[in-house]
Structures are given as C-alpha cells and as structure tokens.
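No gaps in the numbering here: position 306 of the sequence shown is 314 in this note's numbering, and each next residue is one more.
For every residue, glycine included, the Cβ atom is placed at its ideal position computed from N, Cα and C.
Below is one structure; the comments refer to it alone.
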Amino acid sequence: MHFTIDRDNMLSALGTVLRIVPSRSPLIITTGLLIKAGDSSMEMVSTDLEVTVRCRMPTLEVRREGEAVVPARQLFEIMRRMAEGSIEIYSDKNDITVLYPGGEARIAGFPPEEFPLATISAEAGVSLSLQEGLKEGLRSVLYAAGRDELRPVFTGVQFEVSEGILTMAATDAHRLAVYEIKTDITEPCSSVIPAKALREVERALGQGEEKVQVNIQHNQAAFVIGAVEVYTRLIEGRFPDWQAAIPHGKARTVIQGEISGLIRAVERAQVLASGEVSTVIIRVQDEYLTVYSQSELGGLKENVPLFFEGEPVEIAFNATYLLEALKAAGNETVDIELNGNMGPAVIRTPDAKGYLALVLPLRII
C-alpha cells in the first residue's frame, strides 16, 4: 500500500471512525484502524465488534493498492500534530510509514487479514431512503436511551415502520421520547437499533439533511450517508410497550406557551437543587407556573408566564430529564400535559412535528 493524501482529509476520516474504537479490548486488533487504498481513494474502517464505521476519502495519488491495520490513537495523535499539506503513507509488512514535510513516522501495526470486518448478508431486508427528518428525529430521541448494559433493550432505539410512518422510540424506563417521520415504505418492520450506532449516524449527517439509505435485516442494519457507512448488530429482546405508558383521554392540567422562559428557570433552579438527581418542583396555581428548588446551598423560586388550564398541581421532576425533554422538542412552543403529582408528564409539539416525550415525576417528600 502506498498513497498520497491531503492531511486534512486524512484527519477528517480519522475523526469520523475514531469514536467507536475501544480504548481497551480483549481483541487488541480492534484498537486499530483498517486502512485500504485503491481506485483513487482511501478507505478507513473501525469496529468494536458491535458497530462498524467505514469512511472513504479521495487521495491525491495511489501508487500501490493494499491495506494495513494501525493503532488508532497513535495515528490520530501524530496526524493532528502535523502541518497542513500532502502526506505519503506506505506499508511494509504490518507497519506503516507516514512521510510529511521534514520528517517521517513509522507505526507498528497488526496483520490486516485478522481485522474483523462487518458483512451484510444478501438476504432480503427492509430498505428505505430518508431525505429529511432523520437527523432531527435522532436528536429528539437519543437522549432518552438508557446506558445500562445489563438491560440491553433499553440501550437501543426502536425503529418501527407501519402504514408509511417510521416511528423512533427510546426509553430508559424513567422517560420516553418518540419521533415520527413519513416514508414511502409500507412494509411493516420493527427492530431495536443500538443508540451507540445511531449516534454515529447522527454525527455523519453533519449540518445538512443528506440522503440516508437504510437497510434492516433480521439481525443487522446498515446506514449509508454519503461517504460514511455505519453497520450494526440489532439488539435482541422485546422493546417495552411504550404506547401503554402514555395517558389517554383529556389531561387534568395542560400548560401551553413558549418554553424558553421555563427552560431558563429550570436551569437556574437546578443550580440550587437538592439530591443526586437535582429535584425541581413545578407548581401550577392561580394563573401562574412557579419553579422551585431547595437545598443546603439555598433555594430558588421563579414565576414563569405560561398559560394553563385545568386543575392546580404541584409536581417534582429530575431537572436533567425535564430539560432534555423540553430542549429535544426543537420548538418554541409545546403542550405539557399533567395528570396529578404522580402521573407522567407528556410533552407534545402543537404543530405537525411528530415529537412526544414522557417524563416520570419524583415523589415529593
């Protein structure tokens, strides 16, 4: 393998694939990156055996096709300390040498034939092409996915296609986020995709709404976003029946209006909140919504101008959970539905956006 590439392109590819490289692994080769050169391009691949990310970048010249596996962190740290401009990279057995203006660096690598590559089988699966909405949808639900590896199904996002609607849902058993996207696929499908893989998809989408090609099979999924591909195993197990957790019928209390003031008030209250979960209290009474917090550090009380109808209520929340649900709405206005001080709060966007969040309250002591 021998090619010439712009240092910034090489660094960009490294930034794309580096995030899932494990710092430690019983299979040490997964702490490395597979680099392949051919057809006027360079391909870089990383994996943690559950998620695989592939990124392609154009080269200035490919003198000899080939491949190599090198330690990811060392290559990144060297590259980011190099000046801009073109660099040469060539392999010799398992090692690579990087030639840059004024110097060269040799990095000991691994046998490339031992690198575990993800493969998508040729069997039929559900394929869908998404042009708009996926980035916003991922941003709106990923915060609610759990991180407890002992409960793997809670660490994923349910992708369910039904009657031309893709519904994404995530929950950690304390909160729930749901987002709907229209699609031209009518074939029903339901899978649980690791949130870790979807965070890589979200990052690959960047600032724009690029076209995303998705293929879901019985135990694996692939996402193609331009020059970036993300492959992942699906999570086995039954996803919770989240629809049963949403209260039906008319809410006992409904709060409506712009939420920027409420978000800022809760953020201020969180600074002086008590407990490991930063408890804040919302009181709706006498045409006011009041945010409270109290601890040994002090206390806060702030009135927020929001419209409400229904019963007065005083309800406590984990401040972080409430803030993440409000911010993920991506809207200036929301409807917040309450059903007493122990019923879940339901947050909806009043326009056509398909966002819904549910946050369980805390018991007031």
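Which of helix, strand or coil DSSP assigns to residue i
i, result
"GLY318", "strand"
"GLU143", "Correcting the residue type first, residue 143 is Lys in the shown sequence and not Glu. In this structure, LYS143 counts as helix in the three-state DSSP scheme."
"ILE95", "strand"
"THR67", "coil"
"THR287", "strand"
"VAL220", "strand"
"GLU188", "strand"
"THR357", "coil"
"GLU340", "coil"
"VAL274", "helix"
"LEU7", "There is no way to answer for residue 7, as the model of the chain reaches only from 9 to 373."
"ILE36", "helix"
"GLY306", "strand"
"GLU157", "coil"
"ALA130", "Note on ALA130: pLDDT 49, under 50, position unreliable in the model; the coordinate value appears next. Three-state DSSP puts ALA130 in coil, outside helix and strand."
"ALA76", "strand"
"PHE11", "strand"
"PHE123", "coil"
"GLY269", "helix"
"SER31", "coil"
"PHE247", "coil"
Residue range of the alpha helix (DSSP H) that includes residue i
i, result
"ASP16", "15-25"
"ARG114", "Per DSSP, ARG114 belongs to no alpha helix (DSSP H); it is in the beta strand (DSSP E), 111-115."
"ILE193", "Here ILE193 belongs to no alpha helix (DSSP H), and DSSP marks it neither H nor E."
"GLN82", "80-88"
"THR328", "327-336"
"ARG207", "203-213"
Start and end residues, beta strand (DSSP E) containing residue i
i, result
"GLU266", "261-266"
"ALA365", "362-367"
"THR419", "Since the first residue of the chain shown is 9 and the last is 373, residue 419 is not available in this structure."
"LEU42", "40-46"
"SER137", "134-138"
Proximity test, Cβ basis, 9 Å: residue i and chain D
i, result
"LEU35", "Of the protein chains in this structure there is only one, and it is not chain D."
Residue(s) in a DSSP beta bridge with residue i
i, result
"TYR239", "THR60, ALA230"
"GLU168", "THR175, SER198"
"VAL312", "LEU297"
"VAL106", "ILE97, ALA113"
"ALA281", "DSSP, once it has assigned bridges, lists no residue as partnering ALA281."
"GLN225", "Per DSSP, none; premise fails for GLN225."
"GLU345", "VAL262, VAL354"
"ARG183", "VAL367"
"ALA252", "Beta-bridge pairing links ALA252 to no other residue."
"PHE118", "VAL77"
"VAL292", "LEU297, VAL321"
Own chain, CB closer than 6 Å to residue i, minus 5 neighbours either side, in chain order
i, result
"SER199", "PHE167, ILE224, LEU242"
"ARG81", "none"
"MET52", "ALA21, VAL25, LEU41, ILE43, CYS63"
"ASN311", "TYR296, THR298"
"THR443", "Residue 443 cannot be examined here, being either before or after the span of the chain that is shown, 9 to 373."
"ILE189", "GLY141, GLY145, LEU174"
"ALA333", "ILE355, ALA365, VAL367"
"LEU136", "THR191, ILE193, VAL222"
"GLU96", "THR12, LEU107"
"PRO120", "GLU75, ALA76, VAL77"
"ALA116", "ASP103"
Close-in-space but distant-in-sequence residues of the same chain around residue i (CB under 7 Å, 5 per side omitted)
i, result
"ILE37", "VAL77, PHE118, GLU122, PHE123"
"GLY164", "ALA153, VAL200, ILE201, PRO202, ALA203, ILE243"
"ALA130", "Summary for ALA130: the model assigns pLDDT 49, below 50, so the residue's position carries little reliability, and this model does not support an answer."
"ARG88", "LEU19"
"GLU275", "LEU331"
"GLU92", "ARG15, ASP16"
"PRO313", "GLY269"
"SER99", "MET9, GLY74, ALA76"
"SER49", "ARG64, MET65, PRO66, THR67"
"TYR151", "ALA185, GLU332, ALA336"
Cutoff 8 Å; reference residue i; Cβ partners in own chain excluding five residues on either side
i, result
"GLU322", "ILE289, ILE290, ARG291, VAL292, GLN293, ASN349, ILE372"
"ALA324", "THR287, VAL288, ILE289, ILE290, ASN349, PRO369, LEU370, ARG371, ILE372"
"GLU149", "At residue 149 the sequence reads Val, which differs from the Glu that was named. Excluding sequence neighbours, VAL149 sits near VAL165, MET176, ALA177, ALA178, ALA185, VAL186, TYR187, ALA336."
"VAL262", "PHE316, GLU317, GLY318, ASP343, ILE344, GLU345, LEU346"
Residue i beta carbon near the ligand ATP (any heavy atom closer than 8 Å)
i, result
"VAL53", "Ligands in the displayed structure: none, and consequently the ligand ATP is not present."
At least 3 beta-carbon pairs within less than 8 Å: the region 351-362 vs the region 240-259: Short answer: they touch.
Inter-stretch contact (C-beta, 8 Å, three-pair minimum) for the region 301-310 and the region 336-344: No, the region 301-310 does not touch the region 336-344.
Can at least three beta-carbon pairs, one atom from the region 53-65 and one from the region 139-150, be found at a separation below 8 Å? Counting C-beta pairs closer than 8 Å gives fewer than three between the region 53-65 and the region 139-150, which falls short of the contact rule.
Whether or not the region 29-36 and the region 10-19 are in contact is what I'm after, with contact meaning three or more pairs of Cβ atoms, one per stretch, closer than 8 Å; do they touch? Contact fails: fewer than three Cβ-Cβ distances are below 8 Å.
Cβ contact (3+ pairs, closer than 8 Å) linking the region 208-215 and the region 37-56: At 8 Å Cβ cutoff, the stretches do not touch.
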